[in-house]
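Student: My questions will all concern the structure given below.
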Amino acid sequence: EDQVTQSPEALRLQEGESSSLNCSYTVSGLRGLFWYRQDPGKGPEFLFTLYSAGEEKEKERLKATLTKKESFLHITAPKPEDSATYLCAVRRQGAQKLVFGQGTRLTINP
Amino acid sequence: DAGVIQSPRHEVTEMGQEVTLRCKPISGHDYLFWYRQTMMRGLELLIYFNNNVPIDDSGMPEDRFSAKMPNASFSTLKIQPSEPRDSAVYFCASSFRVSNSPLHFGNGTRLTVT
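Chains A and B, in that order, give the protein sequences.
So the first sequence is numbered by my numbering: it starts at 220 and just counts up by one.
So the second sequence is numbered by my numbering: it starts at 24 and just counts up by one.
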C-alpha cells in the first residue's frame, strides 16, 4: 500500500528564517510526486510535480527536491504570506489517483 | 476557466437526513475525483471517474455513500442517511488524463451532521 509521511506536523518560523519540510514515501513504482499548498477554507493548490530522483523544481521562495525515498520542500527567506499547510502526494505507475500525506502546517511570523 | 466548482460551500444537517454534494469539473478534464478531509485522517480518496465511468470506489465508506457522474460537466456525491461521523470537508478535483497531470481541486463543501 502506498504511504506518505510528512514531518514536522507543524512548523513556526520567523520571517526570513529558512527551513525545509520533509515528505517520506513508499510506493511501488513512482510515477510522480506532487506538492500542494492549502490555505484555510480553500482546496489544495498545485505547486510542483517531480518525476525522478535528483530532480528539482523552483517557484519564488520554494524549491522542491526528490530522492528515491523522500522529497524536501525548501523555503528560503519566507514571508508571512507563505503561511499555509503544505501537502505532499504520490502517484504510482499505472494509476491516476493521488495518495496524500497529512501535511505540514507552516506559520511565518512577521 | 473558473476552476472546479462545488456547491454548497457549507451544509448543516441532522442525523438521518439525505445530503447531496455537487461538483462541476474543469471543462475538458477526463478524470473526476471525490476526496474527504478530516483532521484525523487527512485527505482520503472516496471514488474517481474516467470519462463519466466510476473506476475505483474502494474508498467509499459504506453503502450510505453513492456517487454519480451523469455527464462530463456534473457529478454528485450523496449520503443517505447521514451520520455525525460523516462530518468533514468534501473536495472534488479533476484532471487531464495525459502527461501525469496534477489534480485541480475545488474549494470544498464543509458538511456538519448533528
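No residue lacks a Cβ here, since even glycine has one placed at the ideal position from N, Cα and C.
All of these numbers come straight from a predicted model, not from anything done at the bench.
Are the region 304-319 of chain A and the region 247-266 of chain A touching by the rule of at least three beta carbon pairs closer than 8 Å?
Tutor: With the cut-off at 8 Å, the region 304-319 of chain A and the region 247-266 of chain A touch.
Student: Which value, in whole angstroms, describes the spacing of the CA atoms of A90/B and P107/B?
Tutor: The straight-line gap from Cα to Cα measures roughly 19 Å.
Student: P77/B lies in the beta strand (DSSP E); which residues open and close that run?
Tutor: It spans 76-79 - the beta strand (DSSP E) in which P77/B sits, taken as one unbroken run.
Student: Answer with yes or no whether the minimum CB distance from P263/A to chain B is below 7 Å.
Tutor: Yes, because at least one Cβ of chain B sits closer than 7 Å to the Cβ of P263/A.
Student: Under three-state DSSP, which class holds E41/B?
Tutor: E41/B: coil per DSSP, three-state reduction.
Student: Could you compute how far the alpha carbon of S271/A sits from the alpha carbon of K287/A?
Tutor: Spanning the two alpha carbons is a distance of roughly 8 Å.
Student: Are V139/B and M38/B touching if we call contact CB-CB under 7 Å?
Tutor: Residue 139/B is absent from the structure shown; chain B starts at 24 and stops at 137.
Student: Can you have a look at P263/A and say buried or exposed, based on whether 16 or more other CB atoms are within 10 angstroms of its CB?
Tutor: P263/A comes out buried.
Student: For a contact defined as C-beta to C-beta under 9 Å, what are the partners of G322/A on chain B?
Tutor: Neighbours of G322/A on chain B, chain order: G65, L66.
Student: Taking Cβ positions, are V42/B and S105/B nearer each other than 7 Å?
Tutor: Cβ distance < 7 Å, so V42/B and S105/B count as in contact.
Student: Applying a beta-carbon distance threshold of less than 9 Å, which residues of chain A neighbour L55/B?
Tutor: In chain order: nothing, as chain A lies at least about 11 Å away.
Student: Could you pull out every residue in the same chain whose Cβ sits closer than 7 Å to the Cβ of S247/A, ignoring the five residues on either side in sequence?
Tutor: Closer than 7 Å at Cβ, skipping near neighbours: R311.
Student: Of all Cβ atoms in chain B, is any one closer than 7 Å to the Cβ of Q330/A?
Tutor: Here chain A comprises residues numbered 220 to 329, so residue 330/A is not present and cannot be evaluated.
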